[in-house]
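Asker: Just dropping this structure here.
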Amino acid sequence: MKYRIPALAVFCLAPVFSFGSSLASATRAVIPADVQQIINVDYRGMEDSQSGQALKTRVLPDQLKKFETALKGVGVDPDKDVEQLTFASFRVKSGLQVVGVAQGDFAVNKVVARLKTKKIKPTVYRDSAMYPLDGGLSMTLLDNYNMLFGDSAALKSALDVRDGVGSSLNSNSAITDMISSVDSDTIWSVLDEKGTQEMMKSALGDASNLADYNAIKNRIKNSAYKMDFGNGVKFNLNVNTSDAFTAATLKTLLQAGVLYKKMNATPTEKVALENLVVDSDSGALKLKFETDDRKFVSLVNSDLFAAISK
């Protein structure tokens, strides 16, 4: 399953709504401290953008597809009722788990009434009613405005955190500090050290097997990216490393990857590659990408984008 949806918009080039996108307190309370990645989507902002819709259609993750289908099955219209979506992948002893939080005006009583009409019975975990949905998902309403979903094991992990059994996101200052630097955009994401290292390995493709990368990969720390659809498409990614040498080496490797991609790119892809700026500043690798809606939609529908979206 993919957890780096928006990063594809830039990393496909180098072999990878509107009411604000900050995290609600109810969302922060259910995300465990040992989080690998958070992706936040201003759902209305995506719906109102041609580029946003193209990106959503092309790389919509399985979890979101299942969730939208499941919501429709209980009478909730995602296009009208959902304002914001947050996905979080986090570590437990058995590996990675993923939960999502949908924010909107759900009206608990009405949703529960629809579930009863469809004879969907909940299981109770402490004081939370967990309802089974289509596609193997479960859902619980945190309040009138926040709906937690995922598989049942992940839901229980998130509810444990909310109920004080484990530490929440609020105790992870490294992640919360990064969130404050990106949470005003339509799509944003933050990744911890391991998540960032995996993202960079995927982005670099074959170059990740080079000696230069193997020598520095453990000095890659964390990252944050943001994507805005207000006027065309703007994407900014910062990868924090331990020193300026590491950032400069990553810059060189990515620039080489861009040149290699240009050799076999279509005209549409070449235009996109030319709009990608790779730079470094002190200990940070910086990527910027900006284009208009028409060019971005063409890129999303290209063979290159399809290849890395699988």
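Plus 3 on top of the position in the sequence shown (first one is 1) and you've got the numbering used here. Glycine is no exception: its CB is placed at the ideal position from the N, C-alpha and C atoms.
1) Could you check whether residue 230 and residue 190 sit closer than 7 Å to each other, using their CB atoms as the reference points?
2) At what residues does the alpha helix (DSSP H) containing residue 270 begin and finish?
3) Take every Cβ of the stretch 212-223, pair it with every Cβ of the stretch 251-259, and state whether three or more of those distances are shorter than 8 Å.
4) Under 7 Å between the Cβ atoms of residue 162 and residue 131?
5) I'd like to know if the stretch 117-135 and the stretch 87-102 are in contact, where contact means that at least 3 CB-CB pairs between them fall below 8 Å.
6) Can you tell me whether residue 237 is helix, strand or coil according to DSSP?
7) I'd like the ranges of any beta strand (DSSP E) spanning at least 3 consecutive residues and lying wholly in the stretch 194-240.
8) For residue 185, which residues of its own chain have a beta-carbon under 6 Å away from its beta-carbon, when the five flanking residues on both sides are left out?
9) Is the distance from the Cβ of residue 232 to the Cβ of residue 52 below 7 Å?
10) Look at residue 164 and residue 117 and say whether their C-beta atoms are less than 7 Å apart.
11) Check this for me: beta carbons of residue 152 and residue 107, under 7 Å apart or not?
12) Note down, in chain order, each residue of its chain lying with its Cβ closer than 7 Å to the Cβ of residue 181, except the 5 sequence neighbours on either side.
13) Among residues of its own chain, excluding the 5 on either side of residue 73, which ones have a beta-carbon nearer than 8 Å to its beta-carbon?
14) Under 6 Å: does the beta carbon of residue 72 sit that close to some heavy atom of the ligand HEM?
15) Taking the alpha helix (DSSP H) that residue 250 falls in, what are its first and last residues?
16) Could you tell me the distance, in whole angstroms, from the CA atom of residue 198 to the CA atom of residue 243?
17) Give the straight-line distance between the Cα atoms of residue 261 and residue 58, rounded to the nearest whole angstrom.
18) Distance, Cα to Cα, residue 277 vs residue 295?
19) Check residue 182 in the structure and name its three-state DSSP category.
20) Measure the alpha-carbon distance for residue 82 versus residue 263 and round it to whole angstroms.
21) Secondary structure at residue 45, three-state DSSP: helix, strand or coil?
22) Less than 7 Å between the C-beta atoms of residue 154 and residue 39, yes or no?
23) In whole angstroms, what separates the C-alpha of residue 9 from that of residue 127?
24) Leaving out the 5 sequence neighbours to the left and right, which residues in its chain are closer than 6 Å to residue 174 when beta-carbon positions are compared?
25) Take the Cβ of residue 285 as the centre, count every other Cβ of all protein chains shown within 10 Å, and call the residue buried at 16 or more, exposed below.
26) Hey, residue 91 and residue 34 are a contact pair by Cβ (cut 8 Å); roughly how many whole angstroms apart?
27) For residue 16, I'd like the list of residues in its chain whose CB is within less than 6 Å of its CB, leaving aside the five on either flank, ordered along the chain.
28) May I ask you to report which of helix, strand or coil DSSP gives residue 76?
29) Just to confirm before moving on: does the CB-CB distance between residue 250 and residue 288 stay below 7 Å?
30) Within 10 angstroms of its Cβ, does residue 176 collect 16 or more other Cβ (buried), or is it exposed?
31) To the nearest angstrom, how far is the alpha carbon of residue 266 from that of residue 236?
Answerer: Short version:
1) Taking the first residue of the sequence shown as 1, we reach residue 190 at position 187. Taking the first residue of the sequence shown as 1, we reach residue 230 at position 227. For the pair residue 190 and residue 230, the CB atoms are nearer than the 7 Å cut-off.
2) The count along the sequence shown starts at 1 and reaches residue 270 at position 267. Boundaries of the alpha helix (DSSP H) around residue 270: 270-277.
3) Note that the stretch 212-223 touches the stretch 251-259; at least 3 beta-carbon pairs, one per stretch, sit closer than 8 Å.
4) Sequence index remark: in the sequence shown, residue 162 carries index 159 (1-based). Sequence index remark: in the sequence shown, residue 131 carries index 128 (1-based). Yes; because the gap between Cβ atoms is below 7 Å, this pair is in contact.
5) Contact between the stretch 117-135 and the stretch 87-102 is absent, because fewer than three Cβ pairs lie under 8 Å.
6) Sequence index remark: in the sequence shown, residue 237 carries index 234 (1-based). Residue 237: strand per DSSP, three-state reduction.
7) If we require 3 residues or more, the beta strand (DSSP E) runs fully inside the stretch 194-240 come out as 223-231.
8) In the sequence shown, counting from the first residue as 1, residue 185 sits at position 182. Cβ-Cβ distances below 6 Å link residue 185 to 191, 227 and 229 in the same chain, with the five nearest sequence neighbours on each side left out; the list follows chain order.
9) Position 229 of the sequence shown, counting from 1, holds the residue named residue 232. Position 49 of the sequence shown, counting from 1, holds the residue named residue 52. Yes, they are a contact pair.
10) For this step, residue 164 is matched to residue 161 along the sequence shown. For this step, residue 117 is matched to residue 114 along the sequence shown. Contact: no.
11) The sequence position of residue 152 within the sequence shown is 149, counting from 1. The sequence position of residue 107 within the sequence shown is 104, counting from 1. Not in contact: residue 152 and residue 107 (Cβ atoms no closer than 7 Å).
12) The count along the sequence shown starts at 1 and reaches residue 181 at position 178. Taken in chain order, the residues that qualify are 193, 225 and 227.
13) As a first step, residue 73 must be located in the sequence shown, where it is residue number 70. The beta carbon of residue 73 sits closer than 8 Å to the beta carbons of 136, 137, 138, 140, 142 and 152 from its chain, once the five residues preceding and following it are set aside; these are given in chain order.
14) In terms of ligand content, the structure shown is empty, and the ligand HEM therefore cannot be addressed.
15) Position 247 of the sequence shown, counted from the start, is the residue given in the question as residue 250. Unbroken alpha helix (DSSP H) run through residue 250: 247-266.
16) On the sequence shown, position 195 is the one that residue 198 refers to. On the sequence shown, position 240 is the one that residue 243 refers to. Their backbone Cα atoms lie some 12 Å apart in a straight line.
17) Along the sequence shown, one-based indexing puts residue 261 at 258. Along the sequence shown, one-based indexing puts residue 58 at 55. Rounded to whole angstroms, the gap between the alpha carbons of residue 261 and residue 58 is 21 Å.
18) What you label residue 277 is simply residue 274 of the sequence shown in a count that begins at 1. What you label residue 295 is simply residue 292 of the sequence shown in a count that begins at 1. Going by the C-alpha atoms only, they are around 13 Å apart.
19) Here the question's residue 182 lines up with position 179 in the sequence shown. Looking at residue 182 - three-state DSSP - the assignment turns out to be helix.
20) As a first step, residue 82 must be located in the sequence shown, where it is residue number 79. As a first step, residue 263 must be located in the sequence shown, where it is residue number 260. Distance between the alpha carbons of residue 82 and residue 263: 40 Å.
21) Mapped onto the sequence shown, residue 45 falls at position 42. DSSP places residue 45 in strand when its eight states are reduced to three.
22) For the purposes of this step, residue 154 is taken as the residue at position 151 of the sequence shown. For the purposes of this step, residue 39 is taken as the residue at position 36 of the sequence shown. No.
23) In the sequence shown, the residue the question calls residue 9 occupies position 6. In the sequence shown, the residue the question calls residue 127 occupies position 124. Because the pLDDT of residue 9 is 39, which lies under 50, any placement of that residue in the model is unreliable, and the question is left without a value.
24) Reading the sequence shown from its first residue, position 171 is the one you call residue 174. Shown here for residue 174: same chain residues with a beta carbon closer than 6 Å to its own, the five before and five after excluded, namely 36 in chain order.
25) Within the sequence shown, residue 285 is the residue found at index 282, counting from 1. Residue 285 should be labelled exposed.
26) Within the sequence shown, residue 91 is the residue found at index 88, counting from 1. Within the sequence shown, residue 34 is the residue found at index 31, counting from 1. About 5 Å separates the beta carbons of residue 91 and residue 34, which is inside the 8 Å limit, making them a contact pair.
27) Indexing the sequence shown from 1 puts residue 16 at position 13. Because residue 16 sits at a pLDDT of 38, beneath the cut-off of 50, its placement in the model cannot be relied upon, and the following sentence gives the value as read from the coordinates. Only residues of its own chain outside the window of five on either side were considered, and among them 275, 276 and 279 have a CB closer than 6 Å to the CB of residue 16, listed in chain order.
28) Numbered from 1 along the sequence shown, position 73 holds the residue referred to as residue 76. Residue state, collapsed to three classes: helix.
29) The residue given as residue 250 occupies position 247 in the sequence shown. The residue given as residue 288 occupies position 285 in the sequence shown. Closer than 7 Å, so yes.
30) Residue mapping note: residue 176 aligns to position 173 of the sequence shown, counting from 1. Exposed, by the Cβ-count rule.
31) Position 263 of the sequence shown, counted from the first residue, corresponds to residue 266. Position 233 of the sequence shown, counted from the first residue, corresponds to residue 236. If I take the Cα positions, the gap works out to 24 Å.
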